[in-house]
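Since the structure comes first, as structure tokens, the remarks are kept for the end.
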Amino acid sequence: MIRYLVLLIFLWGSLSLIAEPNEEISKPLLRVFPTFRPEECEDWAISPFVCKRCLWEGKRYAQEIRFFEDGPYRSHGCYTDKTGFENLEGK
């Protein structure tokens with residue numbers, strides 16, 4: 339019985355990952371943070387690892403926030419004026 343319950347929960351969770359997100363309700367927001375020292379990443383960054391990686395590459399830590407009916411979705415990455423936003427999640 340417990341096995342079936344665990345299997346059902348696993349399958350339900352995996353289906354929600356596959357489902358397409360709702361349509362965006364507004365344009366994405368790009369937040370670019372000024373970071374000069376690794377200690378600053380630990381103080382306020384949501385993803386300190388991504389923030390430090392951007393700092394080491396000479397880029398700025400940024401978040402792209404997309405707004406859906408279900409709520410906001412944040413992706414973390416680096417930003418430069420030349421290349422724009424580069425998503426580092428999943429790399």
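Counting from 339, one number per residue, gives the positions in the sequence shown under this note's numbering. A virtual CB, placed ideally from N, CA and C, is assigned to each residue, including glycine.
Check your understanding: Skipping 5 residues on each side, what residues in its chain have a beta carbon closer than 8 Å to that of ASN425?
Key -> Cβ-Cβ distances below 8 Å link ASN425 to GLU402, SER413, HIS414 and GLY415 in the same chain, with the five nearest sequence neighbours on each side left out; the list follows chain order.
**Study point:** Backbone secondary structure at LEU387 - three-state DSSP
**Key:** The sequence shown places Phe at residue 387, not Leu. Helix, per DSSP.
Review point. On the premise that THR418 lies in contact with LYS397, defined as a C-beta separation below 8 Å, what is that separation, rounded to the nearest angstrom?
Key: That belief holds up - the Cβ atoms of LYS397 and THR418 are roughly 5 Å apart, short of 8 Å.
Review point. According to the neighbour-count rule (16 or more other Cβ atoms, all chains shown, within 10 Å of its Cβ), is THR373 buried or exposed?
Key: Around the Cβ of THR373, a 10 Å sphere holds 16 or more other Cβ atoms; the residue is buried.
Exercise for review: Report back the beta-carbon spacing between ALA400 and LEU368 to the nearest angstrom; my notes put them in contact at under 8 Å.
Suggested key: Contact flag correct, Cβ pair sits at about 6 Å.
**Study point:** Contact check, PHE405 vs GLU361, beta carbons under 8 Å
**Key:** No; because the gap between Cβ atoms is not below 8 Å, this pair is not in contact.
**Study point:** Rounded straight-line distance, which links the Cα of ALA383 to that of PRO376
**Key:** Rounded to the nearest whole angstrom, the C-alpha separation of PRO376 and ALA383 is 10 Å.
Exercise for review: Grab the span of the beta strand (DSSP E) containing GLU332 for me, first residue to last.
Suggested key: A query on residue 332 cannot be resolved here, the shown segment of the chain reaching from 339 to 429 and no further.
Check your understanding: Which partner residues of ILE403 appear in the DSSP bridge assignment?
Key -> Under DSSP, ILE403 takes part in a beta bridge, and its partners are LEU367 and ARG412.
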